[in-house]
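Just below is one structure, and these are the notes that go with it.
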Ligand code: FEO
Ligand code: CA
Ligand code: CA
Ligand code: CA
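Written out as structure tokens, the structure reads:
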């Protein structure tokens, strides 16, 4: 994800958004307990207990006795970390580039011609900056690992890597209409049928399932408690129930009935115009709008709905979780307002033993919150249609972490607690549209940028990926966010009540602990915590997305936000139980400038799909002089964000 960070005249690329829009981050002094040392010793003693082999410690690193078998269940030989133009995978595995920016998707798509782009062509081709991936088996309901629909988000665009000659902020601000619309068409989502023959994956040209969803063309429906509300009505849509397109689709999820959830993240960054002069000033400012579009300052010049002064309600129509049915190419994507309006990273879906569906979400901003939604109704496995609007009714909760290792899920319900007229909430629609402000009033715990929140299908425990927070100061650390200037991020493990076969994800009280703190454990200054046997190559920084394999092991992707990167982002395998718990190992690394996201496994664990997002996005890099031309390496062709398929040469399971 991107923040605009100009570097002289040449850099117009993007990194993380350098902001914090939560004014309520200062905790009462009585709550400011620096548990850094005490929690660290707890983690160490857990690691000691797990390995049973630690003799003593050096600064930041434990010393092991004798020669030890590596306790990880992951048997691959890990990569050496580094930073170069190429993608790398562990020995014995192959990388196939399956889908690149510009590849034809629909049957009427033109071949990619980077020197002759158009919005009409892009609307039919694979979009830019691939992110979340789901593999949806064909036929629907099967566990077929050889044929399915690859459903892929397209988060944002890198103007200076897509088009020649864009070497200044001024050029980005003055994009011609056609280029602005190419960008809009490159956002959204692609559905592409894929098939494996032997070990080779290919796309199925002309599949009737193939589809593009975009910010430019796709009409969507609003549903749930906020649909039709005054604050969702605009000049283009006087009903408040129809909206054009989706923005900044980051991660997502899959429902038990086989629909996709795609999440709108940094929607604020597309809007221009001073929010302070609008009827929605407080609301827009809480979501980070400053008057200057960070991603697409030219869009409002060509499509005035992106001007908040003229259309102050338009941003209220973004920031939602969007549901659509990939098995029905005509299905109308639906923004499910009951899940609240946030900068959603993703949607971690789990079916509770009582049939209710629970969806965990992180709101990715410094000092924002972790949420979960619990449906009111129950999933019906026998009647797919009966689940169609299950996500329109239920309760959104926000997380409050206690210092004693418990946590509470606080309901965001109109009329309850402070969520009343006195605080400007007149309905549940108001609570959902301003979910952040509602959560502030409930005194939720401000976190270090919550990204994926993923339940483990094996154990029911839930992993909260906190990518980093360089704005947390020493007097603001707490047990759940234990480091000041947390540039490396950490991962929290939530433990709902119940046993492994009947974990209650609808409960309001859980326990929690820290799984690991990112950074280099061999560098005392990083104050990292890991399994004592993590190697120089296996430590990670800035965890972002995660998934689980059938054995319950976690696969973690990273989005390193260092100013000058020297360490490639990658995919790390990690046990979460047993002697190898929190022992991360580097499996895949991306080319320079890229972030790695969207990690997804086939149902038999023999293929891992990965999004390589924004290759070449770094200072001094642009269309004409990119720092990598991955994956084509053809003169004149810039780097292309792509989905890769990783297979094991012997046909076995990933990680083995
Ligand atoms: Fe789009 Fe939070 O990363
Ligand atoms: Ca990203
Ligand atoms: Ca992400
Ligand atoms: Ca990220």
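Numbering (our numbering), first residue to last: 2 to 657.
Yeah, the Cβ is synthetic: ideal placement off N, Cα and C, and Gly gets one too.
Since the structure is predicted, the reported quantities are computational estimates derived from the model, not experimental observations.
Assigned secondary structure, residue i (DSSP; H/G/I helix, E/B strand, else coil)
i, result
"residue 162", "helix"
"residue 124", "coil"
"residue 262", "strand"
"residue 434", "helix"
"residue 494", "strand"
"residue 180", "helix"
"residue 513", "strand"
"residue 634", "coil"
"residue 338", "helix"
"residue 300", "helix"
"residue 364", "strand"
"residue 627", "coil"
"residue 392", "helix"
"residue 411", "strand"
"residue 345", "strand"
"residue 185", "helix"
"residue 81", "coil"
"residue 504", "coil"
Pick from the options that is closest to residue i, judged by C-alpha positions
i, options, result
"residue 435", "634, 339, 462", "339"
"residue 330", "87, 190, 612, 143", "190"
"residue 217", "137, 240, 531, 245", "245"
"residue 272", "253, 296, 98", "296"
"residue 393", "588, 227, 491", "227"
"residue 470", "368, 621, 547, 567", "368"
"residue 504", "355, 600, 326", "355"
"residue 145", "603, 378, 328", "603"
"residue 105", "128, 98, 96", "128"
"residue 207", "192, 348, 140", "192"
"residue 440", "452, 160, 464, 414", "414"
"residue 448", "493, 431, 421, 433", "493"
"residue 534", "510, 576, 561, 527", "576"
"residue 658", "258, 485, 513", "A question about residue 658 goes unanswered here, because the residues of the chain that appear run from 2 up to 657."
"residue 511", "419, 204, 373", "373"
"residue 97", "645, 651, 410, 452", "645"
"residue 343", "388, 451, 299", "451"
heavy atom of ligand 4 below 7 Å from residue i C-beta
i, result
"residue 628", "no"
"residue 237", "no"
"residue 219", "no"
Beta-carbon proximity list for residue i, same chain, < 7 Å, skipping 5 on both sides
i, result
"residue 236", "312"
"residue 50", "With a pLDDT of 33 at residue 50, under the threshold of 50, the modelled position of that residue is not reliable, and no figure is offered here."
"residue 472", "21, 367"
"residue 633", "641"
"residue 292", "274, 275, 276"
"residue 36", "Its pLDDT being 31, under 50, residue 36 is placed unreliably by the model, and the measurement read from it follows with that caveat. Around residue 36: 404, 480, 483."
"residue 136", "149, 151, 601, 603, 610"
Proximity test, residue i beta-carbon vs ligand 3 heavy atom, cut-off 7 Å
i, result
"residue 455", "no"
"residue 265", "no"
"residue 131", "no"
"residue 452", "yes"
"residue 251", "yes"
"residue 560", "yes"
Any non-hydrogen atom of ligand 1 within 7 Å of residue i CB
i, result
"residue 545", "yes"
"residue 365", "yes"
Cβ-Cβ separation, residue j to residue i (assumed contact under 8 Å), whole Å
i, j, result
"residue 437", "residue 630", "Not really, about 40 Å apart at Cβ, beyond 8 Å."
"residue 375", "residue 507", "5 Å"
"residue 359", "residue 256", "Not quite, the Cβ-Cβ distance comes to about 11 Å (not below 8 Å), so this is no contact."
"residue 79", "residue 536", "7 Å"
"residue 589", "residue 89", "7 Å"
"residue 591", "residue 563", "Not quite, the Cβ-Cβ distance comes to about 14 Å (not below 8 Å), so this is no contact."
"residue 158", "residue 184", "4 Å"
"residue 107", "residue 211", "5 Å"
Own chain partners of residue i with C-beta closer than 6 Å, once the 5 adjacent residues on each side are dropped
i, result
"residue 323", "247, 263, 334, 336"
"residue 111", "122"
"residue 61", "With a pLDDT of 31 at residue 61, under the threshold of 50, the modelled position of that residue is not reliable, and no figure is offered here."
"residue 498", "505, 508"
"residue 488", "469, 471"
Own chain, CB closer than 8 Å to residue i, minus 5 neighbours either side, in chain order
i, result
"residue 549", "455, 457, 458, 459, 555, 556"
"residue 250", "132, 133, 154, 155, 156, 188, 189, 190, 263, 264, 265, 266, 323"
"residue 593", "84, 85, 86, 566, 569, 616, 617, 619, 628, 629"
"residue 119", "179, 183"
Near ligand 2: residue i beta-carbon under 7 Å from a heavy atom
i, result
"residue 625", "no"
"residue 618", "no"
"residue 598", "yes"
Within-8 Å CB hit, residue i to chain D
i, result
"residue 656", "Given the protein chain composition of this structure (a single chain), no chain D is represented."
Proximity test, residue i beta-carbon vs ligand 5 heavy atom, cut-off 7 Å
i, result
"residue 315", "In the structure on display, ligand 5 does not appear, and the ligands it does have are ligand 1, ligand 2, ligand 3 and ligand 4."
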